[in-house]
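Right, one structure below, let's go through it.
Okay, here's the thing in structure tokens:
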């Protein structure tokens, strides 16, 4: 069965600092990987996704993620965090890439200090 | 215009009651979902409908019954509510017909509190 681990429950960074959120997956075949963001009181929004090809993918809001097969990781990064980035971030894996059955990690809550 | 809208946004009710949550999407998607997010923010899929047909039914108590009257609507009815049903329920939609896209569009959630 596929699974996703986000080791950090809560991270605090200063505005302007760089950010890396960790995600490890367990899946036998080629995974389809996603990062979603949930702002307070809102639904989830897709930040970026990896299906194949270039292992560094760019997303919205200045985020990027790098797929490392050898480490079974798909970490999310941003060079300079803005206060509006404070939210819950979810990594997810899907078997088919069609979003028909995403398995989500438990989320990392990002707090941004001014 | 909200892409995926759910009503009600908040629901407080007593144990044993029956309640429904409605969801509508105006994105023209062919697939809709219900996800449950518990108090620890863990998100788990409950049901999925493609063109009004049930395609995913996870291990959910049969007190939960989804209904999709058409492609744009997916409702969730819950009978005999229990304390453990307290959660945020998210409706989502996607387009499977569009091939591999991987993007779910979520509603804002319906927070159910069972007292």
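Chains as they are written, first to last, in my numbering: chain H, 3 to 116; chain B, 29 to 143. A virtual CB, placed ideally from N, CA and C, is assigned to each residue, including glycine. A quick note: this is a predicted structure, and the numbers were derived from the prediction, not measured.
Decide if residue i is buried, meaning its Cβ has at least 16 other Cβ atoms within 10 Å, or exposed.
i: residue 89/H; result: buried
i: residue 64/B; result: buried
i: residue 85/H; result: exposed
i: residue 43/B; result: exposed
i: residue 116/H; result: exposed
i: residue 80/H; result: buried
i: residue 40/B; result: exposed
i: residue 67/B; result: exposed
i: residue 58/H; result: exposed
i: residue 33/H; result: buried
i: residue 41/H; result: exposed
i: residue 19/H; result: exposed
Would you give the residue range spanned by the beta strand (DSSP E) that residue i belongs to?
i: residue 66/H; result: 66 to 70
i: residue 86/B; result: Note, residue 86/B: premise wrong, no beta strand (DSSP E); not H, not E.
i: residue 131/B; result: Per DSSP, residue 131/B belongs to no beta strand (DSSP E) and is neither H nor E.
i: residue 26/H; result: 26 to 28
i: residue 7/B; result: Because chain B spans 29 through 143 in this model, residue 7/B falls outside it and cannot be assessed.
i: residue 35/H; result: 34 to 40
i: residue 111/H; result: 110 to 115
May I ask you to report which of helix, strand or coil DSSP gives residue i?
i: residue 8/H; result: coil
i: residue 73/H; result: helix
i: residue 98/B; result: strand
i: residue 96/H; result: strand
i: residue 21/H; result: strand
i: residue 69/B; result: coil
i: residue 63/H; result: helix
i: residue 86/H; result: helix
i: residue 124/B; result: coil
i: residue 103/H; result: coil
How big is the Cα-Cα spacing for residue i and residue j?
i: residue 114/B; j: residue 78/H; result: 31 Å
i: residue 27/H; j: residue 110/H; result: 15 Å
i: residue 61/B; j: residue 47/H; result: 15 Å
i: residue 45/H; j: residue 71/B; result: 11 Å
i: residue 86/B; j: residue 31/H; result: 22 Å
i: residue 178/B; j: residue 23/H; result: A question about residue 178/B goes unanswered here, because the residues of chain B that appear run from 29 up to 143.
i: residue 69/B; j: residue 108/H; result: 6 Å
i: residue 105/B; j: residue 93/H; result: 29 Å
i: residue 4/H; j: residue 53/H; result: 16 Å
i: residue 62/H; j: residue 12/H; result: 22 Å
i: residue 122/B; j: residue 37/H; result: 16 Å
i: residue 135/B; j: residue 33/B; result: 5 Å
i: residue 104/H; j: residue 96/H; result: 5 Å
i: residue 74/H; j: residue 29/H; result: 9 Å
i: residue 100/B; j: residue 9/H; result: 37 Å
i: residue 83/H; j: residue 30/B; result: 28 Å
i: residue 17/H; j: residue 98/B; result: 46 Å
i: residue 119/B; j: residue 56/H; result: 32 Å
| said: Quick test of the definition: if touching needs 3 or more C-beta pairs under 8 Å, does the segment 65 to 81 of chain B touch the segment 48 to 56 of chain B? | reply: no
message = Tell me whether the segment 88 to 107 of chain B and the segment 50 to 70 of chain H touch, counting them as touching only if at least three CB pairs, one residue from each stretch, are closer than 8 Å.
response = no
Notebook entry, point to check: For the segment 30 to 47 of chain B against the segment 105 to 113 of chain B, are there 3 or more C-beta pairs whose distance is under 8 Å?
Noted result: yes
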